[in-house]
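Participant: Sharing a structure with you now.
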């Protein structure tokens with residue numbers, strides 16, 4: 001039986017600010033994980049990653065990260081990716097600062 | 102303090118101008134990230150989890166008041182109003198924008214600072230004893246040597262693409278506060294048989310995934326031979342070091358795989374050539390550099406105010422008990438200012454704190470500041486009569502914590518709160534240990550203790566040499582913390598022994614509490630420190646405290 005494919009999102013850092021970004025279905029880069037395109041097909045994931053990597057003047061370090069469907073949109077699975085959606089735990093900096101949460 | 106020559110100044114300015122153009126070409130798309138990455142790393146610019154990070158060298162940990170003020174200005178203008186002091190005497194800014202970095206580097210250049218070779222496979226910032234030039238036990242100030250090595254290694258054409266990064270640390274005291282045995286090359290200033298000073302040279306130390314204690318490669322190198330001897334070591338490593346596997350590329354592996362004898366022989370052969378080529382140039386430069394590090398004009402005034410304040414104010418007395426070290430000049434002390442206020446991030450300083458420290462260094466400290474690998478700030482030359490005023494001033498910015506050398510004076514790397522390499526967080530673990538032991542009132546009873554925390558196997562937090570080391574790992578997608586016991590960061594460096602299975606994030610602080618309560622139970626008296634008790638009793642009682650269920654099973 002074929003190995004089941006864990007859904008993915010394409011993530012990277014914005015070239016100028018370094019902030020974490022996610023590729024959306026309509027080819028935007030969102031700062032919000034919930035807006036990411038949840039990719040459930042392995043071949044499609046590779047194509048989306050290639051698309052991301054071609055945008056070398058916009059982002060840096062694109063890769064595929066595991067994710068799952070959530071009520072408000074895709075959610076991260078690994079704790080590293082969860083931290084990337086928020087920012088550091090010692091100060092309310094990064095995304096948590098921008099959203100005033 | 103060292104003042105840049107015209108050559109230094111022109112070099113730093115031209116490097117900054119080059120980097121400004123490289124950033125422009127990256128932004129306009131003419132450089133890809135693959136092309137740009139080695140260029141930004143050569144200039145100290147990393148990309149981390151949430152943002153870029155600029156790592157600025159503080160050579161041999163020495164800062165002037167003006168340099169500290171400039172770091173505060175950079176933090177305010179281009180970052181988030183703070184900086185993080187690291188275990189290699191660097192400062193890291195965690196939130197710069199790529200397009201602001203050239204301006205930040207120019208601002209550093211204005212105060213004779215830079216970020217060159219704070220990354221990449223080059224000779225990194227040269228570190229030294231943070232009490233250099235002040236310590237009572239010092240044979241000689243190690244900073245002129247460190248500055249000489251900085252000049253030799255900066256942009257050294259042969260050593261810009263070494264098999265791996267290369268770290269050098271220097272101490273001028275027999276009591277090693279620079280962790281020289283954990284460096285690729287460690288230098289200890291020693292007295293030769295004729296009374297003249299030279300260097301004991303250690304090689305092949307390192308922490309990381311394969312921790313090793315540096316070994317003596319040559320017991321005495323004359324001062325005039327230092328640069329050709331270092332050149333010989335690094336050039337032999339450059340050829341012999343492995344490039345097929347980055348985890349086996351450090352000099353410790355080269356020495357280990359080839360054997361010290363073969364490595365030493367190769368160095369001696371090469372040294373015959375380099376010695377002739379250098380022809381004593383290093384010794385001339387060293388003499389010039391030494392003049393920059395002349396001791397300040399120490400005052401000879403009464404200490405009465407200090408003793409009066411100690412008698413009258415228990416808070417002041419407790420702070421002077423923990424935060425002072427013997428100075429070589431009568432009436433003076435070395436003051437360590439803690440960047441480990443309970444619950445704060447180890448090594449972080451706000452711009453306001455930096456400005457206050459700069460002002461106090463000017464008013465009371467002959468204008469000098471130091472950064473320690475233990476992530477604290479030092480005023481190396483303070484007259485004891487000024488300590489009451491200093492203490493009062495430090496309190497205004499939360500800098501008067503009396504905890505140097507205690508359970509809350511923790512080294513912690515940035516961990517997964519910032520670092521792209523990390524496998525778990527370190528900072529919140531340090532914060533919770535510090536606040537917890539303060540809350541349960543055991544900090545003073547526990548006494549001298551080194552806890553060191555790394556958020557990955559690369560060991561920036563020096564966990565292997567902590568009396569208690571904590572290593573954060575990713576175990577099946579969950580943060581997990583391994584404890585090592587019995588490490589030692591001094592001239593008797595020892596690698597700690599792994600205690601057993603790791604602990605979950607919410608179990609690590611209770612585990613440390615069990616461990617330290619066991620220490621309080623088994624120590625002979627209050628004068629026996631944790632590490633002394635561990636050496637006397639071995640790991641057994643401490644493992645039993647960490648793993649009570651297993652201990653019970655074994656006893657049944």
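Chains as they are written, first to last, in the numbering used here: chain B, 1 to 101; chain Z, 102 to 657.
Note that the Cβ used here is the ideal one computed from N, Cα and C, for glycine as well.
For residue 139(Z), report the span of its alpha helix (DSSP H) as first-last.
Facilitator: That run of the alpha helix (DSSP H) goes 134 to 143.
Participant: Checking 9 Å against the spacing of the C-beta atoms, do residue 314(Z) and residue 301(Z) come in under that value?
Facilitator: Going by C-beta atoms, residue 314(Z) is not nearer than 9 Å to residue 301(Z).
Participant: Between residue 309(Z) and residue 285(Z), is the Cβ-Cβ spacing less than 9 Å?
Facilitator: It is not a contact, given that the beta carbons lie outside the stated cut-off.
Participant: Keeping to the same chain, check which residues put their C-beta closer than 8 Å to that of residue 57(B); ignore five residues upstream and five downstream.
Facilitator: Closer than 8 Å at Cβ, skipping near neighbours: 15.
Participant: For residue 232(Z), which of 545(Z), 488(Z), 470(Z) has the nearest alpha-carbon?
Facilitator: Of the listed residues, the one whose Cα sits closest to residue 232(Z) is 470(Z).
Participant: Of the residues that make up the region 69 to 100 of chain B, which ones have a beta carbon closer than 8 Å to any beta carbon in chain Z?
Facilitator: Against chain Z - using a Cβ distance shorter than 8 Å - the residues of the region 69 to 100 of chain B are 77, 78, 79, 80, 83, 84, 87, 88, 89, 90, 91, 93, 94, 95.
Participant: Can you give me the Cβ contacts of residue 423(Z) inside the same chain, cut-off strictly under 8 Å, excluding the 5 residues immediately before and after it?
Facilitator: Excluding sequence neighbours, residue 423(Z) sits near 503, 504, 505, 506, 507.
Participant: Once the 5 residues before and after residue 538(Z) are set aside, which same chain residues still bring their CB inside 8 Å of it?
Facilitator: Closer than 8 Å at Cβ, skipping near neighbours: 508, 509, 544, 547, 614, 617.
Participant: Who are residue 307(Z)'s beta bridge partners in DSSP?
Facilitator: DSSP, once it has assigned bridges, lists 313(Z) as partnering residue 307(Z).
Participant: Note down the Cα distance separating residue 143(Z) from residue 222(Z), rounded to an integer number of angstroms.
Facilitator: Approximately 9 Å between the Cα atoms of the pair.
Participant: Can you check whether the C-beta of residue 20(B) is within less than 9 Å of a C-beta belonging to chain Z?
Facilitator: Yes - at least one Cβ of chain Z is within 9 Å of the one on residue 20(B).
Participant: So residue 12(B) is in the beta strand (DSSP E); what residue range does that whole segment cover?
Facilitator: Residues 8 to 14.
Participant: What residues in the region 591 to 613 of chain Z bring their beta carbon closer than 8 Å to a beta carbon of chain B?
Facilitator: For the region 591 to 613 of chain Z, which is checked against every Cβ of chain B, not one residue is closer than 8 Å.
Participant: Would you kindly work out how many angstroms separate the C-alpha atoms of residue 650(Z) and residue 80(B), rounded to a whole number?
Facilitator: Each residue's alpha carbon lies about 31 Å from the other.
Participant: Residues of chain A with CB under 7 Å from residue 385(Z), in chain order?
Facilitator: No chain A is present in this structure, whose protein chains are B and Z.
Participant: By alpha-carbon positions, which one of 324(Z), 407(Z), 267(Z), 270(Z) ends up nearest to residue 292(Z)?
Facilitator: That would be 324(Z), whose Cα lies nearest to the Cα of residue 292(Z).
Participant: Just reading off the alpha helix (DSSP H) that residue 84(B) is part of, what are its end residues?
Facilitator: Run containing residue 84(B): 79 to 86, per the alpha helix (DSSP H) assignment.
Participant: Beta carbon of residue 327(Z), beta carbon of residue 316(Z): below 9 Å?
Facilitator: No, these two residues do not count as a Cβ contact at 9 Å.
Participant: Report the three-state DSSP secondary structure of residue 101(B) (helix, strand or coil).
Facilitator: Reliability of the predicted coordinates at residue 101(B) is poor, the pLDDT of 46 falling under 50, and no value is obtained from them.
Participant: List the endpoints of the continuous beta strand (DSSP E) containing residue 191(Z).
Facilitator: Residue 191(Z) -> beta strand (DSSP E) spans 191 to 194.
Participant: Give every residue of the same chain whose Cβ lies closer than 6 Å to the Cβ of residue 481(Z), excluding the five residues on either side of it in the sequence, and list them in chain order.
Facilitator: Closer than 6 Å at Cβ, skipping near neighbours: 235, 435, 469, 471.
Participant: Quick one: list the residues of chain Z neighbouring residue 60(B), beta-carbon separation under 8 Å, in chain order.
Facilitator: 134, 148, listed in chain order.
Participant: Cα separation between residue 7(B) and residue 64(B)?
Facilitator: Rounded to the nearest angstrom, the two C-alpha atoms are 9 Å apart.
Participant: Beta strand (DSSP E) containing residue 366(Z): first to last residue?
Facilitator: Residue 366(Z) -> not in any beta strand (DSSP E); alpha helix (DSSP H) instead, spanning 361 to 379.
Participant: Note down, in chain order, each residue of its chain lying with its Cβ closer than 7 Å to the Cβ of residue 588(Z), except the 5 sequence neighbours on either side.
Facilitator: So the qualifying residues of the chain are 565, 566, 567, 568, 570, 595, 596, 597.
Participant: Starting from residue 117(Z) and walking both ways along the alpha helix (DSSP H), at which residues does that stretch end?
Facilitator: From DSSP, the alpha helix (DSSP H) with residue 117(Z) extends over 107 to 128.
Participant: From residue 458(Z) to residue 185(Z), what does the alpha carbon distance come to, in whole angstroms?
Facilitator: The straight-line gap from Cα to Cα measures roughly 15 Å.
Participant: Taking all protein chains shown into account, do 16 or more other C-beta atoms lie within 10 angstroms of the C-beta of residue 44(B), making it buried, or fewer, making it exposed?
Facilitator: By the 10 Å Cβ count, residue 44(B) comes out exposed.
Participant: Could I get the ranges of all uninterrupted beta strand (DSSP E) runs contained in the region 159 to 186 of chain Z, with 3 residues as the minimum, in chain order?
Facilitator: Entirely contained in the region 159 to 186 of chain Z, the beta strand (DSSP E) runs reaching 3 residues are, in chain order, 163 to 165, 183 to 186.
Participant: Answer yes or no: does any C-beta atom of chain Z fall closer than 9 Å to that of residue 15(B)?
Facilitator: It does; some Cβ of chain Z falls within 9 Å.
Participant: Within its chain, find whatever has a CB closer than 7 Å to the CB of residue 634(Z); leave out the 5 residues flanking it on each side and keep chain order.
Facilitator: The answer, listed in chain order, is 620, 623, 624.
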